[in-house]
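Using the numbering used here, you'd call the opening residue of the sequence shown number 5 and step up by one each time. Input: a single structure, listed below in structure tokens.
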Amino acid sequence: MTSTPTFQDFEKYIPLIGDINIKDPIAYQTTRGVVSVVNAVQMAVAESYINGLEIPDDALIQLFNTCMPVFFKHFPSLLAPYEWVLKESDHLAESSRELMKIQYDLPQEMLNPMLGDWKVIYPKYSMGLWQKGAANLEESQMHMIDDMIEKMNIQDGDNILDFGCGWGCVANYILSKFPNVRFTGLNLSHQQCEYMRKKMQDPESYLSSGRFTLHEGDLNDAQFEEKFDKILSVGVFCHVGNLTQSFRKLASFLKEQGTVFIHIITVRTPNNISSPFTHKYIFPHGRYWNYDAVPNHNKDLKTTQRWYLNGINYHKTFKAWLANFDTRQDIVKNLDYGMDYAKFRRIWRFYLLWLGTNFATCDGEYNGNGQYLMVHA
Ligand SMILES: C[S@@+](CC[C@H](N)C(=O)[O-])C[C@H]1O[C@@H](n2cnc3c(N)ncnc32)[C@H](O)[C@@H]1O
Numbered sequence: 005m006t007s008t009p010t011f012q013d014f015e016k017y018i019p020l021i022g023d024i025n026i027k028d029p030i031a032y033q034t035t036r037g038v039v040s041v042v043n044a045v046q047m048a049v050a051e052s053y054i055n056g057l058e059i060p061d062d063a064l065i066q067l068f069n070t071c072m073p074v075f076f077k078h079f080p081s082l083l084a085p086y087e088w089v090l091k092e093s094d095h096l097a098e099s100s101r102e103l104m105k106i107q108y109d110l111p112q113e114m115l116n117p118m119l120g121d122w123k124v125i126y127p128k129y130s131m132g133l134w135q136k137g138a139a140n141l142e143e144s145q146m147h148m149i150d151d152m153i154e155k156m157n158i159q160d161g162d163n164i165l166d167f168g169c170g171w172g173c174v175a176n177y178i179l180s181k182f183p184n185v186r187f188t189g190l191n192l193s194h195q196q197c198e199y200m201r202k203k204m205q206d207p208e209s210y211l212s213s214g215r216f217t218l219h220e221g222d223l224n225d226a227q228f229e230e231k232f233d234k235i236l237s238v239g240v241f242c243h244v245g246n247l248t249q250s251f252r253k254l255a256s257f258l259k260e261q262g263t264v265f266i267h268i269i270t271v272r273t274p275n276n277i278s279s280p281f282t283h284k285y286i287f288p289h290g291r292y293w294n295y296d297a298v299p300n301h302n303k304d305l306k307t308t309q310r311w312y313l314n315g316i317n318y319h320k321t322f323k324a325w326l327a328n329f330d331t332r333q334d335i336v337k338n339l340d341y342g343m344d345y346a347k348f349r350r351i352w353r354f355y356l357l358w359l360g361t362n363f364a365t366c367d368g369e370y371n372g373n374g375q376y377l378m379v380h381a
């Protein structure tokens with residue numbers, strides 16, 4: 005017996021509000037057409053600001069706060085600016101070299117103090133955890149790593165791989181807590197690797213303990229001779245376009261009883277999202293996977309547990325980064341960014357205001373971070 009179709013059955017096929025993943029020809033093409041208008045408007049606002057239009061921060065934030073809840077709640081398909089955002093890419097990570105150039109290999113004197121650089125907590129370019137009462141950025145990053153240690157059940161003696169290790173912050177903190185843990189870090193950013201190489205010579209750093217190994221290289225080409233008890237990857241999968249290939253790779257590095265912990269920016273919308281502004285100026289081919297994308301790819305690895313971390317945590321982190329960026333203008337304005345500094349400053353202020361505000365949209369319930377614990381399938 006067939007049941008009577010409900011309104012929800014039809015709704016899936018309606019242009020703009022429908023489920024873009026279904027690719028019903030009329031609904032899909034109409035939606036893609038409207039997406040190009042939305043992209044053009046977003047770029048017009050961003051590039052007017054970048055090119056010098058004086059818009060006070062409060063007015064920009066107000067604009068984002070007005071528009072974004074409508075998109076997230078009612079028209080999430082319009083937040084997928086390109087078709088590639090909706091499907092897996094050919095390579096595990098696309099545009100890696102370009103990404104290093106315009107983002108991760110920028111002058112360290114700008115990036116590192118913006119993220120915060122302390123005795124044990126090195127620059128960490130990912131969400132801090134504020135919901136447990138952190139008083140400042142450093143404490144929020146400590147709380148986040150403590151929380152990860154608990155969720156991953158790290159044991160002293162574990163051999164751990166950090167897939168996209170940044171400046172070695174997570175490694176340094178965990179090595180400081182566990183005297184017998186060993187860490188391997190992989191990162192393509194030459195500047196960030198230089199930072200870690202210096203720390204590996206610094207007796208005050210846990211990276212100099214002989215328990216840290218660094219590989220400068222691309223996720224796409226990663227190969228290791230040993231297998232790991234734990235693999236973690238924090239804030240990296242927004243640069244990974246192919247979950248199937250990446251999980252196959254991670255599974256091949258993992259011991260039989262090992263666990264993988266993936267921490268990513270995520271959206272609780274039916275489709276993945278991105279933004280034409282961030283694609284052009286900040287993270288080429290960056291995308292934010294929807295919350296179900298990881299468990300929907302349980303071929304070589306399967307998800308055993310997952311957590312959604314409210315976006316307000318990232319909103320506060322971005323606010324702290326913007327304050328650090330603004331405070332150090334006298335130093336950062338003299339560095340070489342390969343473009344006029346006034347333009348660079350506007351690109352980065354727009355980025356920090358834009359993403360920072362989006363994470364607070366709808367009280368942080370749509371755009372936050374996802375954490376996934378995975379084992380061999
Ligand atoms: C957002 S940062 C997060 C860094 C670190 N996990 C943290 O939490 O501070 C992303 C990191 O991934 C690295 N990365 C991005 N694409 C990569 C690639 N194709 N190969 C290797 N590393 C990559 C970047 O250089 C950067 O260190």
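From the three backbone atoms N, C-alpha and C, an ideal C-beta is built for every residue, glycine too. Source: prediction; values computed, not measured.
Is it right to say residue i is buried, meaning 16 or more other beta carbons lie within 10 angstroms of its own, or is it exposed?
i, result
"residue 56", "exposed"
"residue 193", "buried"
"residue 298", "buried"
"residue 152", "buried"
"residue 233", "buried"
"residue 137", "exposed"
"residue 74", "exposed"
"residue 214", "exposed"
"residue 29", "exposed"
"residue 202", "exposed"
"residue 78", "exposed"
"residue 70", "exposed"
"residue 52", "exposed"
"residue 278", "buried"
"residue 368", "buried"
"residue 329", "buried"
Return the CA-CA distance between residue i and residue j, expressed in angstroms with no decimal places.
i, j, result
"residue 373", "residue 148", "12 angstroms"
"residue 256", "residue 357", "39 angstroms"
"residue 294", "residue 155", "21 angstroms"
"residue 253", "residue 303", "12 angstroms"
"residue 10", "residue 18", "14 angstroms"
"residue 44", "residue 37", "11 angstroms"
"residue 105", "residue 221", "14 angstroms"
"residue 331", "residue 338", "14 angstroms"
"residue 23", "residue 16", "5 angstroms"
"residue 237", "residue 8", "45 angstroms"
"residue 468", "residue 309", "The structure shown does not extend to residue 468, since the chain is modelled only from 5 through 381, so no value can be given for it."
"residue 271", "residue 59", "28 angstroms"
"residue 315", "residue 370", "8 angstroms"
"residue 25", "residue 63", "34 angstroms"
"residue 206", "residue 76", "46 angstroms"
"residue 325", "residue 134", "14 angstroms"
"residue 34", "residue 80", "14 angstroms"
"residue 248", "residue 92", "8 angstroms"
"residue 88", "residue 355", "22 angstroms"
"residue 266", "residue 242", "11 angstroms"
"residue 160", "residue 191", "24 angstroms"
"residue 50", "residue 61", "13 angstroms"
"residue 211", "residue 27", "49 angstroms"
"residue 184", "residue 158", "11 angstroms"
Which residues in the same chain have their Cβ closer than 6 angstroms to the Cβ of residue i, if we skip the five residues on either side of it in sequence?
i, result
"residue 250", "96 and 244"
"residue 122", "142"
"residue 111", "339"
"residue 306", "381"
"residue 311", "375"
"residue 72", "362 and 365"
"residue 345", "337"
Less than 7 angstroms between C-beta atoms, sequence neighbours within five positions excluded: which residues of the same chain meet that for residue i?
i, result
"residue 129", "119, 170 and 239"
"residue 296", "none"
"residue 258", "231, 232, 235, 264 and 380"
"residue 124", "176, 177 and 180"
"residue 99", "288 and 289"
"residue 31", "17, 18, 19 and 22"
"residue 335", "113"
"residue 65", "357 and 361"
"residue 196", "108, 170 and 171"
Got a sec? Which residues, its chain only, sit under 8 angstroms from residue i by beta carbon, not counting five neighbours each side?
i, result
"residue 347", "54 and 55"
"residue 351", "54, 285 and 286"
"residue 90", "24, 25, 84, 275 and 276"
_Taking contact to mean 3 or more Cβ pairs, one atom from each stretch, closer than 8 angstroms, check whether the stretch 210-230 and the stretch 151-168 are in contact._
For the pair of segments examined, the stretch 210-230 was found to touch the stretch 151-168: the number of CB pairs separated by less than 8 angstroms reaches three.
_Validate contact between the stretch 316-323 and the stretch 81-95 using beta carbons, cut 8 angstroms, 3 pairs_ = These segments do not touch.
*Could you pull out every unbroken alpha helix (DSSP H) segment of at least 4 residues lying fully inside the stretch 200-271, listed in chain order?*
Runs of the alpha helix (DSSP H) lying entirely within the stretch 200-271 and spanning at least 4 residues, in chain order: 247-257.
*Which full runs of the alpha helix (DSSP H) of 4+ residues lie inside the stretch 138-192, going along the chain?*
Fully enclosed alpha helix (DSSP H) runs of no fewer than 4 residues occupy 141-156 and 173-181 of the stretch 138-192, in order along the chain.
_Which complete alpha helix (DSSP H) runs does the stretch 302-365 hold, if anything under 4 residues is left out?_
If only complete runs of 4 or more residues are kept, the stretch 302-365 shows the alpha helix (DSSP H) at 316-331, 333-336 and 345-362, in order along the chain.
*Quick one: any contact between the stretch 132-142 and the stretch 356-370, if contact means 3 or more CB pairs under 8 angstroms?*
Judged by Cβ distances under 8 angstroms, the stretch 132-142 makes no contact with the stretch 356-370, as fewer than three pairs qualify.
*4 or more residues per run - each alpha helix (DSSP H) lying fully within the stretch 53-130*: Complete alpha helix (DSSP H) runs here, min 4: 61-78, 100-103 and 112-119.
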